[in-house]
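Notes for the one structure printed next.
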Amino acid sequence: MFKLDRKSVISAFVVTVATVAVASSVPSKPSIDGGVYYPIVNGKTGPYLVNTQSAGMKINNGRVPTANEIKAWDKDIMPDGTGLPEGSGSVEDGETLYEEQCVMCHGDFGSGGGGYPALAKGNAYELQKTLKNQRNKPDTDGPVRVFGSYWPQASTLWWYIKDAMPHTKSKTLSSDETYALVAYILNINEFEIDGEEVDDEYILDREKFLKIKMPNRNGFEPNIDGKNAREVVRKYYANPANFGAKKVKPNKRCMKNCQKKTAKVVRIQNGGISAFEPPMSVERDLPKKPDYDQGFNVLKNYEDNCMPCHGADGMGAPVTGDKEVWAEVISKGMSTVYKNGIEGIRGMPAKGGASASDKEFKMLVDYMIEKSK
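Pasting the structure below:
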């Protein structure tokens, strides 16, 4: 068996060498990016044969669609009600349909599952307020993006269900069934329509649907609705100030120092500074167990200065709580650990950029070690 494999490898190697040799004998031309391309010569490009009849054919880019073809494709439902058919459906019927055709992918009460998105996580109006939450803040939950809290228009939901759901047999739901499913999804998101709660007895129809006000309807920019949407979007992005950017000369090609005038310089506090007051300690004794209640808030200073690198989402630094990693760090000796932290090591600036005294910084180190035992 080994001999057969060895023969195959040798044969493949010989073929590869032969191919390279043939390719090198064929005229070639350098391309603008430094690569090489092989023009068609004697029915070949490099070592490969070419169908010369098809190589020079004109590509057919199609034709202008007919009015009937466009009408057949134009099935989207617009926020103003364009394309939305008449019909009605109750929350009760929608729940029955959901249990029959949707729950296996989207979970009980729209909780999501199996890689398919959640449709609800609670009260949409309250969850919309979480969209400004930052994931790197340890004291807050991240933003909740589901239909009720995130989507700006309900018309997209109606259209998507009617056109693409259920996943295995799309376009099989009637308009009334679609209204019923939308009503149920509004119900589990705890919606109100025109001041009325979408409860278990609610019946949704076209008139009521057009009165839906999504909590995050003004949460997106620029405005992409209306006849002049394309021009509005172009105008918006033409002004970098609208989205926190700065405009450099777009018509002049830049090859070096391209962001010299616009770059934001971020300076690390105490980075590279060795003259500290008081001077850095050269003490070799093991530190005494610090008293965390003597004026210096260890936890707050850890969260402000140490957690960004040593937290669970740290950037390569020893993660607080990782027993094995910290055991290796401590094995170098506490004096070395303190010295490396105070003076800085590799990508870590002196004292991690904190404006703490040597004693206070050692308390931070002791805190991380204590949490990693």
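Under my numbering, the sequence shown is numbered contiguously, ending at residue 1102.
For each residue, glycine too, the CB sits at the ideal point set by N, CA and C.
Problem set entry | Sequence-distant residues of the same chain with beta carbon closer than 7 Å to residue 1050, five excluded per side | 1100, 1101
Exercise. Do residue 832 and residue 850 have their C-beta atoms within less than 7 Å of each other?
Worked result: no
For this session: Sort 1097, 767, 860, 1015 by Cα distance to residue 948 and report the nearest one.
Result: 860
Problem set entry | Classification of residue 809 by the beta-carbon crowding that lies within 10 angstroms, buried from 16 upward | exposed
For this session: With DSSP collapsed to three states, give me the class of residue 1054.
Result: Helix.
Exercise. Beta carbon of residue 909, beta carbon of residue 818: below 7 Å?
Worked result: Yes; because the gap between Cβ atoms is below 7 Å, this pair is in contact.
Exercise. What residue from 1084, 1053, 1091 has the CA that sits closest to residue 1064's CA?
Worked result: 1091
Problem set entry | contact_flag[the segment 1026-1039, the segment 1075-1090] where n(CB pairs < 8 Å) is 3 or more | yes
For this session: Determine the closest residue to residue 803 out of 876, 816, 888, with distance taken between C-alpha atoms.
Result: Of all alpha-carbon atoms in 876, 816, 888, the one lying nearest the alpha-carbon of residue 803 is that of 888.
For this session: At 3 residues or longer, and completely inside the segment 862-939: list those beta strand (DSSP E) runs for me, N to C.
Result: Secondary structure within the segment 862-939: the beta strand (DSSP E) runs of 3 or more consecutive residues, fully enclosed, are 932-934 (chain order).
Exercise. Of the choices 937, 936, 966, 1066, whose alpha-carbon is the least far from that of residue 950?
Worked result: Of the listed residues, the one whose Cα sits closest to residue 950 is 966.
For this session: Specify, as a first and last residue, the run of the beta strand (DSSP E) that residue 818 falls within.
Result: 817-819
For this session: Going by DSSP, name the residue or residues bridged to residue 832.
Result: None; residue 832 has no bridge partner.
Exercise. Is it the case that the Cβ atoms of residue 853 and residue 877 are separated by a distance below 7 Å?
Worked result: yes
For this session: Run the CB neighbour count on residue 907, radius 10 Å, all protein chains shown included, and call it buried at 16 or more, exposed below.
Result: Counting Cβ neighbours within 10 Å, residue 907 comes out buried, since at least 16 surround it.
Exercise. Quick one: what's residue 813 bridged to in DSSP?
Worked result: Partner(s): none; residue 813 has no beta bridge.
For this session: Using the Cα positions of residue 1098 and residue 841, report the straight-line distance between them to the nearest angstrom.
Result: 39 Å
For this session: Mind checking who residue 1048 pairs with in its DSSP beta bridge?
Result: Its beta-bridge partners do not exist; DSSP assigns none.
Exercise. Can you tell me where the alpha helix (DSSP H) with residue 1071 in it begins and where it stops?
Worked result: Annotation: the continuous alpha helix (DSSP H) that includes residue 1071 extends over 1063-1072.
For this session: Specify the secondary structure class of residue 1102 as computed by DSSP and reduced to three states.
Result: coil
Exercise. Are there 16 or more other CB atoms within 10 angstroms of the CB of residue 695, so buried, or fewer, so exposed?
Worked result: Nothing about residue 695 can be read from this structure; the chain reaches only from 730 to 1102.
Exercise. Quick one: does residue 841 have its CB under 7 Å from some CB of chain C?
Worked result: The question asks about chain C, but that chain is absent: this structure has only one protein chain.
Exercise. Between residue 798 and residue 900, what straight-line distance do the alpha-carbon atoms span, to the nearest angstrom?
Worked result: 18 Å
Exercise. What number of angstroms, rounded off, separates the C-alpha of residue 933 from the C-alpha of residue 858?
Worked result: 26 Å
Problem set entry | Start and end residues, alpha helix (DSSP H) containing residue 1036 | 1036-1039
Exercise. What separation, rounded to the nearest whole angstrom, lies between the Cα atoms of residue 920 and residue 964?
Worked result: 35 Å
Exercise. Identify the residues that DSSP records as bridge partners of residue 770: which are they?
Worked result: 773
For this session: Take residue 880 and list the residues in its own chain whose beta-carbon comes closer than 8 Å to its own, dropping the five residues that flank it on each side.
Result: For residue 880, where only same-chain residues beyond five positions count, the Cβ hits under 8 Å are 886, 943, 945.
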